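The block underneath contains the structure these notes are about, expressed in structure tokens.
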Amino acid sequence: MKVAIKSLLKILDADLHKGDLDFFVCSIKTSAQDNSDSIAFIDNKNITKESIKFKAKSCITSSTFVDDLDHFQNILVSKNPRLSFARLTGLFSSNLSKKIEIAILKTTKLF
272 MKVAIKSLLK ILDADLHKGD LDFFVCSIKT SAQDNSDSIA FIDNKNITKE
322 SIKFKAKSCI TSSTFVDDLD HFQNILVSKN PRLSFARLTG LFSSNLSKKI
372 EIAILKTTKL F
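Oh and the sequence shown: position 48 is 319 in the working numbering, straight run, nothing missing.
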């Protein structure tokens, strides 16, 4: 499953801080498993520092962290990034036939 950034913005109720609206995201993964077409979830200062090692070209975050994430090609900003990440997880997990691996960063708590 591939989803364009422009479609994700509508689904996630997010804004594009910077990036390519036509870039396709194929999965969400942990930092240890990420690849260039995956999207990372950044919701705390510790992960912003680690994220420079991520291979993912896209991330979803809040406006609090955008200044520390300039190394990402595509930055999606949400007022509620945890809710957006939950929606994103649902979007990719609904396509089980493609066997898309889904994981949440160990430091993230959704609830």
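C-beta atoms are modelled at their ideal positions from N, C-alpha and C, and glycine is treated no differently. In this text, all values refer to a predicted model and were calculated from it rather than measured experimentally.
Based on Cα-Cα distance, which residue from the options lies nearest to residue i?
i    : options                   : result
K326 : I299, L347 and F363       : I299
D293 : R358, N351, N345 and T360 : N345
F295 : I313, A285 and S307       : S307
D314 : L340, D291 and A275       : L340
I need the DSSP call for residue i, collapsed to helix, strand or coil.
i    : result
I313 : coil
L279 : helix
L287 : strand
F356 : helix
L362 : helix
T319 : helix
Could you tell me the distance, in whole angstroms, from the CA atom of residue i to the CA atom of residue j?
i    : j    : result
L287 : N317 : 23 Å
K328 : F343 : 5 Å
A275 : A357 : 18 Å
Using a threshold of 8 Å, is the CB atom of residue i nearer than that to any non-hydrogen atom of the ligand COA?
i    : result
L362 : By its list of ligands, the structure shown contains no ligand whatsoever, and the ligand COA lies outside what it can speak to.
Taking 9 Å as the cut-off, decide whether the C-beta atoms of residue i and residue j are in contact.
i    : j    : result
A311 : I282 : no
S349 : S364 : no
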